[in-house]
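Below is one structure, written out as structure tokens; comments come after it.
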Amino acid sequence: MNRRNLLQLTGVFVSLTVTGCLGTDPPGNTTDSANNTDSGSSDNGGANPSEDVNSDSTANEESGLSGNAKAAQTPDPDHQIQVKNEKPDPVNTTVTVRRVETGETVHNQTYTIQPDATVTAYNTRQASPDSIEKFNVSVTSDGSTDSFTLKTDQCMNDLEAQVTESAGIDWLYAVC
Numbered sequence: 001m002n003r004r005n006l007l008q009l010t011g012v013f014v015s016l017t018v019t020g021c022l023g024t025d026p027p028g029n030t031t032d033s034a035n036n037t038d039s040g041s042s043d044n045g046g047a048n049p050s051e052d053v054n055s056d057s058t059a060n061e062e063s064g065l066s067g068n069a070k071a072a073q074t075p076d077p078d079h080q081i082q083v084k085n086e087k088p089d090p091v092n093t094t095v096t097v098r099r100v101e102t103g104e105t106v107h108n109q110t111y112t113i114q115p116d117a118t119v120t121a122y123n124t125r126q127a128s129p130d131s132i133e134k135f136n137v138s139v140t141s142d143g144s145t146d147s148f149t150l151k152t153d154q155c156m157n158d159l160e161a162q163v164t165e166s167a168g169i170d171w172l173y174a175v176c
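Note that full-length UniProt numbering has the sequence shown beginning at 1, numbered continuously upward.
Take a look at the structure:
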């Protein structure tokens, strides 16, 4: 019975990973991480970006947009930015969040994070974005620095930076 459960869980995990529902960004790959977050269609086909993404399939067919494309065009300002310490010792970590368009720093703070602890450093809702906006999230810890571009749309979920022994800074995120 345990073997069957293990095989089922492995199958689900592999399926999610292969289809792109889960993703991690290797450290030092800041240009690719910015490009990965732009997976939504840049051409919305004339659809109204404020339309309800929960509308029936007929509306999706009429607009020519799939549910994921509509989610990528629908603003969602609520995205938590968390930092997790996966090292055996406490770490000092600086989190800086900047608006990409204006360069304005909306958050810059240093945290002391205990081993295996997670800190919610910021939520993009605090910056009061009026529409879909890009934020550059930079995390520095123990001499390692990495950044990630987060979009405030319904396709992007919360973001977690993981401070690790082997890789420095890893990113954990999910997009549609």
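Just so you know, even glycine gets a beta-carbon here, dropped at the ideal spot from N, CA and C.
- prompt: Which whole runs of the alpha helix (DSSP H) in the region 99 to 161 are 4 residues long or more, in chain order?
  reply: DSSP runs (the alpha helix (DSSP H)) wholly in the region 99 to 161: none.
query: Looking only at C-alpha atoms, which of Lys134, Pro77, Phe135 and Gln109 sits nearest to valine 83?
result: It is Gln109.
- prompt: So what does DSSP say about alanine 167, is it helix, strand or coil?
  reply: coil
message: Helix, strand or coil for valine 175? Go by DSSP, reduced to three states.
response: strand
field: Minimum C-alpha distance to lysine 134 - residue among Thr93, Pro77 and Asn68
entry: Per the C-alpha coordinates, the member of Thr93, Pro77 and Asn68 positioned closest to lysine 134 is Pro77.
field: Close beta carbons around alanine 117, own chain, < 8 Å, minus the five adjacent residues each side
entry: Lys84 and Asn85
- prompt: Starting from lysine 70 and walking both ways along the alpha helix (DSSP H), at which residues does that stretch end?
  reply: 67 to 72
- prompt: Looking at C-alpha atoms only, which residue of Ala174, Thr124 and Cys155 is the closest neighbour of glycine 67?
  reply: Cys155
- request: Compute the Euclidean distance between the alpha carbons of glutamine 126 and asparagine 92, then round it to the nearest angstrom.
  value: The alpha-carbon atoms of glutamine 126 and asparagine 92 are separated by roughly 23 Å.
- request: Output the boundary residues of the beta strand (DSSP E) element that contains lysine 84.
  value: 80 to 85
query: Taking all protein chains shown into account, do 16 or more other C-beta atoms lie within 10 angstroms of the C-beta of glycine 168, making it buried, or fewer, making it exposed?
result: buried
- request: Excluding the 5 residues preceding and the 5 following aspartate 153 in the sequence, name in chain order all residues of the same chain whose CB lies nearer than 8 Å to its CB.
  value: Gly40, Ala71, Ala72, Gln73, Thr74, Pro75, Asp76 and Ile132
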